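Counting along the sequence shown from 1, when you hit position 274 you're at 268 in this note's numbering, and nothing is skipped either side. Just so you know, even glycine gets a beta-carbon here, dropped at the ideal spot from N, CA and C. Here the structure is a predicted model, which is why all the values come from computation and not from measurement. A short write-up of the structure that comes next.
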Amino acid sequence: MKSDEGFANRADRRLSRRQRLVWVLSLTCLYAFAEAIGGWWTGSLALLADAGHMLTDIAAIALALFAAWFGARPANSRKTYGYYRLEILAAFINGIALVLISILILYEAYKRFLSPPEVKASVMIAIAIGGLVTNLFCAWLLHGEHEHDLNVRGAWLHIIGDALGSVGAIIAGALMLARNWWIADPLFSILITLLIIWSAWRLIREATDVLLEGTPAHINLAAVEEAILETEGVTDVHDLHVWTITSGREALSAHVIHAEGISQPELLRALRAKLRTRFGIDHLTIQMETMDFDDETLRFCHVDTSCFRSTRDQ
């Protein structure tokens, strides 16, 4: 029953995410057009960069929305885990897109450093304030969900990057309006872009870890092994693996060696309850074995080793 409730809650959360992404996509489309016109009219690189970034946001959010919708399709005989990983792939692509756009902005900022143009600062500030309000509202819509879903986090980082761009444009506009310091426009563009690259790199790294089925950052594999070993009746554990299927869904597989005379169903229930309570892992595949079990398969090392060996060589 708890498992059914968990799946129902995840389904409701996915629906909520899709609805929020639709709202964010609509608002971003509207203001990207307004900011592009404003950047062209005022001659501001900061506004044009922000508008260009918002265009990538539209593609990124559309990709996130498509991935969330397509990822909800049920599993089949060819895709036994379903399409959950599509959301992680979308997050990875969004991270790469953020880096590429940032490089283009850095190049344009370098050219403007050599010959800073005059900018209509007062209009630039007004447009940037409107962009900031829009971005903050969109970030609020996705806040909370970005902590549980890498796909949504990719879209959220795009929005935060836009918000930072709007703040930079406001400050740059104020400096140009007060002191005619035209170099402030490309300078703040560079500072904002470096922050975006740093956030994008974290997103790429986390998505890559999931795609490579690395151990989730919030789970200590040694602690999981210790929790299994301290369970009454367990004598050893090997081939222990923990990985992420998609954001918020961790899986575990292991071979557990137990003492003779132990009730396997009771031991399995105890292990499932402990691993779910302590580590939040609710998708487990545990093979029960006894000491005299002759395992002819490859046994992969784990926790603090990097090799693998065959039990036939023992």
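Check                                                                                                                                                        : Outcome
If I measure Cβ to Cβ from L21 and keep anything under 6 Å in the same chain, skipping five residues before and after, which residues do I get?              : T128 and C132
Determine the direct distance from the alpha carbon of H249 to that of V236, and round the result to whole angstroms.                                        : 13 Å
Looking at the unbroken beta strand (DSSP E) that takes in A248, where does it start and where does it end?                                                  : R243 to H252
For V231, report the span of its beta strand (DSSP E) as first-last.                                                                                         : V228 to T240
With DSSP as the reference, identify every bridge partner of T279, one or two as the case may be.                                                            : S247
Exposed or buried, which one is A163 when buried takes at least 16 other CB atoms within 10 Å?                                                               : buried
Got a sec? Which residues, its chain only, sit under 7 Å from T284 by beta carbon, not counting five neighbours each side?                                   : I251, H252 and E254
What distance in whole Å lies between the Cβ atoms of L151 and S183, which are believed to be in contact at a cut-off of 8 Å?                                : Incorrect: roughly 18 Å between the Cβ atoms, too far for contact.
What three-state label does DSSP hand R72 in the structure shown?                                                                                            : coil
Along the alpha helix (DSSP H) that carries V113, what are the first and last residues, could you check?                                                     : Unbroken run through V113: none, as it is neither H nor E.
Give the DSSP-derived three-state secondary structure of N129 in the structure shown.                                                                        : helix
With a CB to CB cut of under 6 Å and the five nearest residues on each side skipped, what residues in its chain are close to A178?                           : A166, L169 and M170
Going by beta carbon distance, what residues of the same chain come within less than 7 Å of E(-1), once the five residues before and after it are set aside? : Interpretation of E(-1) is limited by its pLDDT of 46, a score under 50 that renders its predicted location unreliable; no figure is taken from the coordinates.
Are the region 194 to 207 and the region 114 to 122 touching by the rule of at least three beta carbon pairs closer than 8 Å?                                : no
How is L174 classed by DSSP in three states: helix, strand or coil?                                                                                          : Here residue 174 turns out to be Asn, not Leu, going by the sequence shown. Three-state DSSP puts N174 in coil, outside helix and strand.
If you drop the 5 nearest sequence neighbours on each side, which residues of the same chain put their C-beta closer than 7 Å to that of D230?               : I251
Quick check on the DSSP output: the alpha helix (DSSP H) that includes L262 runs from which residue to which?                                                : Q258 to F273
Out of Q281, L181 and A26, point me to the one whose CA is closest to Y101's CA.                                                                             : L181
My output table needs one value for Y78: the three-state DSSP class, helix, strand or coil.                                                                  : coil
Rounded to the nearest angstrom, what separates R12 and L130 at their Cα positions?                                                                          : 19 Å
Three-state secondary structure (DSSP) at G208?                                                                                                              : coil
On a CA-only basis, which of G89, V16, L92 and Y77 is nearest A56? Give me that one, please.                                                                 : V16
Could you check where the alpha helix (DSSP H) with I222 kicks off and where it finishes?                                                                    : L215 to L223
On the criterion of 16 or more Cβ atoms from any shown chain inside 10 Å, does G125 qualify as buried, or is it exposed?                                     : buried
Within 10 angstroms of its Cβ, does D156 collect 16 or more other Cβ (buried), or is it exposed?                                                             : buried
Which term fits I222, buried or exposed, when burial requires 16 or more other beta carbons within 10 angstroms of its beta carbon?                          : buried
What's the C-alpha gap between R72 and E244?                                                                                                                 : 21 Å
If you drop the 5 nearest sequence neighbours on each side, which residues of the same chain put their C-beta closer than 8 Å to that of W176?               : P110, P111, E112, V113 and M170
Near T225, which residues of its chain fall below 8 Å by C-beta distance, leaving aside the five closest residues on each side in sequence?                  : L261, A264, L265 and K268
What is the DSSP secondary structure of G255, reduced to helix, strand or coil?                                                                              : coil
Going straight from the alpha carbon of T36 to that of R67, what length do you get?                                                                          : 46 Å
Among residues of its own chain, excluding the 5 on either side of L246, which ones have a beta-carbon nearer than 6 Å to its beta-carbon?                   : V236, I275 and L278
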